[in-house]
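Residue numbers (the numbering used here): 1 to 393.
The beta-carbon is built from N, C-alpha and C at its ideal position, and this holds for glycine as well.
Note that this is a predicted model, so its numbers are computed, not measured.
Take a look at the structure set out below.
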């Protein structure tokens, strides 16, 4: 029998400045497919003209990945533009400019992430629902943003998309918030194996570059309200009042489109509480620096109020980094109980965990990828490939 040609799947670029976890997810997915399922899938990445050249080049360097640059895939600058794009896809049933690009590139299937290409899309499609934050934390959304997100989910469901979620917890949310759906649904648990090129940077050089002490906790979350940096600052203040100077290094985008002054007001709190040396925000740093700081950290902290399947937690698991996590069902599912957990409003519990980890940690060390990582990544790839076959029918 003739060998099956690789399935050509259209992905749209997720700029790291908008959602670092989404960018890292797709990058790791492409790397894993190339390594563990060569010749099975050809990811065709459709990027806007304004997307960062370095980020696109990094994705283009992955074997089998094809990149298409087009203004059709530039990200809307305003909420109004996003609404207009969604309304056009619903009203006319088709995002014609995008579909024309897909046709030229001989796409077999479309992977929709936060963009709906229309109910008349002439290709099989998978809709990725990373989480259900707007339903779980509605107070963080304006009325327009809430309904735009919910309508997007509903039209994808109504259009018969095969739905991908990243956890059993998210599957439960899907069934609770959108009962009675008959779409095909796949749970694909993300696993990551960072490429060697991103691990070549020497962690202690990076630590010195940012003026960090040899012992620090790491918080690599974008500065969005639901990421809950506030509880970390409260915990650091409690520790300082008890005579313990502990350092948290944080990194990530500081812009929250829903709350433009959040970062500045939070850092003002840090200064007024005298915590400038305890809470160090490094800004948006290169990805190799993220991995360097993670590998040498005392522990990862993820205090988020909502997650689908945390990229930062998955990366910490890959290196065996100790973890202190908010007590979410998905965090327990993801770590199988191998972490410390605290309530999302319990700063005292977080402070106690940080102190216990700090006092029992060994000497500073740089961790390497764990030897048991490969089976996890293979299972992730196998689940994704199975999803594509199910979606193709």
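Go ahead and pull the three-state DSSP assignment for residue 109.
Strand.
Return helix, strand or coil for residue 167, following the three-state DSSP convention.
Reduced to three states, the DSSP call for residue 167 is coil.
Does the segment 142-151 come into contact with the segment 161-170, if we say contact requires no fewer than three beta-carbon pairs (one atom in each stretch) closer than 8 Å?
No, the segment 142-151 is not in contact with the segment 161-170.
Check residue 392 in the structure and name its three-state DSSP category.
DSSP places residue 392 in helix when its eight states are reduced to three.
Going by other Cβ atoms of all chains shown within 10 Å of its Cβ, with 16 needed for buried, is residue 306 buried or exposed?
The residue is buried, with at least 16 neighbouring Cβ atoms inside 10 Å.
Give the secondary structure of residue 43 by DSSP, where H, G and I count as helix, E and B as strand, and everything else as coil.
Correct three-state label for residue 43: strand.
So what's residue 268 in DSSP terms, helix, strand or just coil?
In this structure, residue 268 counts as helix in the three-state DSSP scheme.
Where does residue 250 fall in DSSP's three states?
Residue 250 falls in the strand class under three-state DSSP.
Check residue 350 in the structure and name its three-state DSSP category.
Helix, per DSSP.
Let me check understanding here. Comparing Cα to Cα, which of 99, 221, 231, 21 lies closest to residue 349?
When each option's Cα is compared against that of residue 349, the closest is 231.
If contacts are defined as beta-carbon pairs under 8 Å, then residue 201 and residue 289 qualify, I think. What distance do you get, rounded to the angstrom?
At roughly 7 Å, the Cβ-Cβ gap stays under 8 Å, so residue 201 and residue 289 are in contact.
Shortest alpha-carbon distance to residue 438 belongs to which of 190, 334, 181, 282?
This structure cannot settle anything about residue 438, because the visible part of the chain is limited to 1 through 393.
Per DSSP, what are the beta-bridge partners of residue 301 in this structure?
The partner list for residue 301 (beta bridge, DSSP) reads 324.
Looking at C-alpha atoms only, which residue of 219, 126, 374 is the closest neighbour of residue 391?
The residue with the shortest Cα to Cα distance from residue 391 is 126.
Judging by CA-CA distance, which residue of 153, 15, 354 is the nearest neighbour of residue 119?
Checked all of 153, 15, 354; the closest Cα to residue 119 is 153.
Using beta-carbon positions only, say whether residue 235 and residue 361 come within less than 8 Å of one another.
The answer is no: Cβ separation not under 8 Å.
Quick check on residue 161: buried or exposed, where buried means 16 or more other Cβ atoms within 10 Å of its Cβ?
Looking at its Cβ environment, which holds 16 or more other Cβ atoms inside 10 Å, residue 161 is buried.
Alpha carbons only, please: which of 329, 215, 41, 377 is nearest the one belonging to residue 344?
Minimum Cα distance to residue 344 is reached at 329.
Looking only at its own chain, which residues have a Cβ that is under 6 Å from the Cβ of residue 22, when we skip the five neighbours before and after it?
Within the same chain, residue 22 has close Cβ partners 14.
From the DSSP output, in three-state form, read off residue 291 for me.
Helix at residue 291.
Is residue 399 helix, strand or coil by DSSP?
Because the chain in this structure spans residues 1 to 393, residue 399 falls outside the shown range and cannot be described.
Which runs of the beta strand (DSSP E), 3 residues or longer, sit entirely within the segment 184-232?
Listed in chain order, the complete beta strand (DSSP E) runs (minimum 3 residues) inside the segment 184-232 are 185-187, 217-219.
Are residue 109 and residue 9 touching if we call contact CB-CB under 8 Å?
Yes, Cβ-Cβ distance for residue 109 and residue 9 is below 8 Å.
What do you get for residue 387, buried or exposed, if any count of 16 or more other CB atoms within 10 angstroms of its CB means buried?
When all chains shown are included, residue 387 counts as buried.
Under 8 Å, with one C-beta from each stretch per pair, do the segment 124-138 and the segment 349-359 reach the 3-pair mark?
In short, these stretches do not touch, since the Cβ pair count stays below three.
According to DSSP, simplified to helix, strand and coil, what is residue 365?
Coil.
Considering only C-alpha positions, which residue in the set 17, 12, 41 is nearest to residue 389?
Ranking the options by Cα distance to residue 389, first place goes to 41.
Using DSSP bridges, identify the partner residues of residue 279.
Note: residue 279 sits in a beta bridge opposite 248.
Grab the span of the alpha helix (DSSP H) containing residue 104 for me, first residue to last.
From DSSP, the alpha helix (DSSP H) with residue 104 extends over 96-104.
Roughly how many angstroms lie between the CA atoms of residue 107 and residue 100, to the nearest whole one?
Going from the Cα of residue 107 to the Cα of residue 100 covers about 10 Å.
Whose C-beta lies closer than 7 Å to the C-beta of residue 115 among residues of the same chain, with five residues either side of it excluded?
Only 12 meet the Cβ criterion.
Between the alpha carbons of residue 176 and residue 308, how many angstroms are there, rounded?
So the alpha carbons of these two residues sit roughly 15 Å apart.
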